[in-house]
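>
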DNA sequence: AATAGCACTCTAAGTATTAGAGTGCTAATG
DNA sequence: CATTAGCACTCTAATACTTAGAGTGCTATT
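Protein chains in written order, with the numbering used here: chain A, 161 to 506; chain B, 161 to 506.
Here it is, written out as structure tokens:
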């Protein structure tokens, strides 16, 4: 190893430190690294390299006589520059495939199966956001009379999401009118994204006059029913129990704060929504996260798409000390598969 | 206190031990009890009573020089004979009411709000089972064409549960036939419980002959679509994070087993299903539970009803050391309210 | 530049000590 | 006779003390 570029060696050492620390959760000593390289370098040399890496703030000391562990910056460098892309094994892929196809009948199950799939393969918590209603595309609407004053609206989107909501009509609109409205909407809104519907109808409204005007207005009233297009974006997560086995969560108070953070859901939702604007795999490491509850955690996210349109996001969360390679591949693969499954059932 | 029936005193002491232990989680000494009775009895006397209670296996010693704590039998006696029924405060009731009415638009939210309501008020985990499909009553069915081969079935029950499921038709049944089938079913099945539908149709089938026979057979095929009446009974639970604050869960390994137990869900479902056959509030204390993961926990369950028919169950789970009075009232009140809310939206 | 050697540091695990909370028993008391 | 005071005894949990060993950083050597 003598004639290797010094920077190359630094990289290798950092890599070894990360790998070893991820595996054992113990600060890594120079002896260990030396052995990892089959003694082709002495511990003393490794110590010198380590001193350099520490100066670069890529690794740190918990105390004088302890080994080194990666800093957030260290992980960042590892993820950006050292990690070569890997694929899940055939077995792992088939676990995901089976789970998704088995549970795809019902939307709720599919979401839960997806988050469970990630957590099973990566051993960290899996997170799945339901398809954003606003990004989904209108497919069909149908009104079903429940009793004298109430109507069940069934809205079908291209993501296979069927949204039921009950409307109180109070006799403003007759049944026959409602039937005409549904015919009109089904014809008119084909292929329009739910987020654009109101704008679209408003524009139509301005173009029209007289007799059709009132009809359109009623149609608009119906489609604007608060519960119908209301965001009920939900965060599914699973696998927190596996997380509790990590030494990082041995302090139950910390574990509790973390769980509360997930249970609360708001911040998770915001984070994922923000990430959804960007393409590809996103990685947030430790202190890079603005929420203090998860500053010792890392989050990996990815979008899933239907017909090349991003409609939702999946991800994983666990301690900063995680197997980034595997988690990234799992999140990536799942996002792809979930898109496909949704496309099939949509 | 001298001239009080000796049994009466034992009861009071047991009661005091339970109350104090529930509050502090520390074994209760004779001094403490004596003070609780404003020194009307001396610690020595209390010690004698305690010795009796211990002989009856209602309380125990963790070790010689520690105070007493209730045994499972002790809690059982406390719950059955000592606890007088209490009501939630107006504030607590209004917390439940607000939560349920605010989240009642959508079924999933309602279930989650219910479990959260229990956990918020009792500080233990709240559990809610979705209305059993088989116990619900048929209200309306509608078929919506999705594409050439698939049909979305929308089944509405009296519990407001709207069940969507997709059917692959493969041209066995024409659209017009399907329409006639829905009209037939809507007319015929009014008021029949979903669990009885198959039997009912089979009976009808045997009565009929010739032309109508084939029609009935197709109707039956449709209603028997595996995903339609398939049990997808689900367990909602919330409030596990509050649970983690209890000293009982300071051992993270135990906490993990417990969480896994809930996450798994199967055993919870079985337990609640079994309890559903019985009326009123059911209490399972510690070792009375057959699942070893929860033998240091107690479970309180109650049914909820629509039109006097039991269709589901709610409950709470926490450490045996819980405020039984409050938890029982909360579960009881919630089950009542949930039934009402479901009746309203059904 | 790489390595061996060595003094030095710090933790974590094990051991010892001790204060005090609480008991159970016995004898005294109204 | 039920109740109580007194007292010796027990056990825990907290604190302090000790020590082995893992690992470093520096210096001298190859």
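Note that the Cβ used here is the ideal one computed from N, Cα and C, for glycine as well. This structure is a prediction, so every number in the text was calculated from the model and none was measured.
Can the beta-carbon of residue 297 (chain A) be found closer than 8 angstroms to that of residue 318 (chain A)?
In this structure, residue 318 (chain A) lies closer than 8 angstroms to residue 297 (chain A) by Cβ.
> Do we get a CB-CB distance below 8 angstroms when we pair residue 266 (chain A) with the residues of chain B?
True, the Cβ-Cβ gap to chain B drops below 8 angstroms.
> With C-beta atoms as the reference, is residue 443 (chain A) less than 8 angstroms away from residue 284 (chain A)?
No. Outside cutoff.
> Compute the beta-carbon to beta-carbon distance between residue 489 (chain B) and residue 248 (chain B), rounded to the nearest angstrom, for a pair I have assumed lies under 8 angstroms.
Their Cβ separation, rounded to whole angstroms, is 5 angstroms, which keeps residue 489 (chain B) and residue 248 (chain B) in contact under 8 angstroms.
> Give me whichever residues DSSP pairs with residue 191 (chain A) in a beta bridge.
The partner list for residue 191 (chain A) (beta bridge, DSSP) is empty, contrary to what the question assumes.
> Please classify residue 266 (chain A): is it buried, with 16 or more other beta-carbons within 10 angstroms of its beta-carbon, or exposed?
It counts as buried.
> Quick one: Cα of residue 212 (chain B) to Cα of residue 167 (chain B), how far?
One C-alpha to the other measures close to 10 angstroms.
> Helix or strand or just coil, what does DSSP make of residue 400 (chain A)?
Correct three-state label for residue 400 (chain A): helix.
> Where residue 398 (chain A) and residue 264 (chain B) are concerned, what is the direct C-alpha to C-alpha distance, given to the nearest angstrom?
Roughly 25 angstroms separates the two Cα atoms.
> I'd like to check one pair, residue 316 (chain B) with residue 321 (chain A): are the Cβ atoms closer than 8 angstroms?
No, Cβ-Cβ distance for residue 321 (chain A) and residue 316 (chain B) is not below 8 angstroms.
> Can you check whether the C-beta of residue 162 (chain B) is within less than 8 angstroms of a C-beta belonging to chain A?
Note on residue 162 (chain B): pLDDT 40, under 50, position unreliable in the model; the coordinate value appears next. So, not an interface residue.
> For residue 476 (chain A), does the three-state DSSP call read helix, strand or coil?
In the structure shown, residue 476 (chain A) sits in a strand (DSSP, three-state: E or B).
> Mapping the DSSP letters down to three states, classify residue 457 (chain A) as helix, strand or coil.
Residue 457 (chain A): strand per DSSP, three-state reduction.
> Quick check on residue 273 (chain B) - is its C-beta less than 8 angstroms from some C-beta in chain A?
So no, residue 273 (chain B) is outside the interface.
> Have a look at A:436, A:179, A:206 and A:199 and flag the residue whose alpha-carbon is nearest the alpha-carbon of residue 462 (chain A).
Checked all of A:436, A:179, A:206 and A:199; the closest Cα to residue 462 (chain A) is A:436.
> Compare the beta carbon distance of residue 302 (chain A) and residue 441 (chain B) with 8 angstroms and say whether it is the shorter of the two.
The answer is no: Cβ separation not under 8 angstroms.
> Do residue 260 (chain A) and residue 274 (chain A) count as a contact pair if the criterion is CB distance below 8 angstroms?
Contact flag set, yes.
> Does chain A have any CB closer than 8 angstroms to the CB of residue 330 (chain B)?
False, the Cβ-Cβ gap to chain A never drops below 8 angstroms.
> Residue 184 (chain B): buried (16+ other C-beta within 10 angstroms of its C-beta) or exposed?
When all chains shown are included, residue 184 (chain B) counts as exposed.
> Please tell me whether residue 205 (chain B) and residue 472 (chain B) are closer than 8 angstroms, where the distance is taken between their beta carbons.
Their beta carbons are not under 8 angstroms apart, which means residue 205 (chain B) does not touch residue 472 (chain B) by this criterion.
> What residues of chain A sit near residue 314 (chain B), judged by a beta carbon separation below 9 angstroms?
302, 304, 312, 314, 322 and 324, listed in chain order.
> When you compare the CB positions of residue 431 (chain A) and residue 459 (chain A), do they come within less than 8 angstroms of one another, or not?
For residue 431 (chain A) and residue 459 (chain A), yes; Cβs fall inside 8 angstroms.
> Taking its Cβ as the centre, do 16 or more other Cβ atoms sit within 10 Å of residue 237 (chain A), making it buried, or is it exposed?
Flag for residue 237 (chain A) reads buried.
> Starting from residue 302 (chain B), follow its DSSP beta bridges and name the residues at the other end.
Per DSSP, B:314.
> Let's see if you can read the secondary structure: which residues bound the beta strand (DSSP E) around residue 324 (chain A)?
That run of the beta strand (DSSP E) goes 322-328.
> Listing by chain order, which chain A residues have their CB less than 8 angstroms from the CB of residue 419 (chain B)?
Residues of chain A passing the Cβ test: 400, 401 and 404.
> Compare the Cα-Cα distances from residue 372 (chain B) to each of B:358, B:344, B:504 and B:456 and report the closest residue.
Of B:358, B:344, B:504 and B:456, the residue nearest in Cα terms is B:344.
> Can you name the residues that DSSP bridges to residue 283 (chain B)?
BP columns for residue 283 (chain B) are empty, so no partner.
> Less than 8 angstroms between the C-beta atoms of residue 243 (chain A) and residue 484 (chain A), yes or no?
It is a contact, given that the beta carbons lie within the stated cut-off.
> Within the same chain, show all residues whose beta-carbon is closer than 6 angstroms to that of residue 178 (chain B), passing over the 5 residues directly before and after it, in chain order.
Once the five neighbours on either side are set aside, the close Cβ partners of residue 178 (chain B) are 230 and 238.
> Are residue 187 (chain B) and residue 228 (chain B) close, meaning C-beta to C-beta below 8 angstroms?
Taking 8 angstroms as the Cβ cut-off, residue 187 (chain B) and residue 228 (chain B) qualify as a contacting pair.
> Can you list the residues of chain A that residue 278 (chain B) reaches, using a CB-CB cut of under 9 angstroms?
Those within 9 angstroms of residue 278 (chain B) in chain A number zero; the least Cβ separation is about 15 angstroms.
> Using the DSSP secondary-structure output, state which residues sit across from residue 289 (chain B) in a beta bridge.
For residue 289 (chain B), which the question treats as bridged, DSSP gives the partners B:395.
> Could you check which residue in B:498, B:383 and B:268 has the C-alpha nearest to that of residue 338 (chain B)?
Minimum Cα distance to residue 338 (chain B) is reached at B:383.
> Closer than 8 angstroms, CB to CB, is residue 392 (chain B) near chain A or not?
Chain A, which has a Cβ nearer than 8 angstroms to the Cβ of residue 392 (chain B), makes this yes.
> Can you tell me whether DSSP reads residue 463 (chain A) as helix, strand or coil?
Of the three classes helix, strand and coil, the one that applies to residue 463 (chain A) here is strand, per DSSP.
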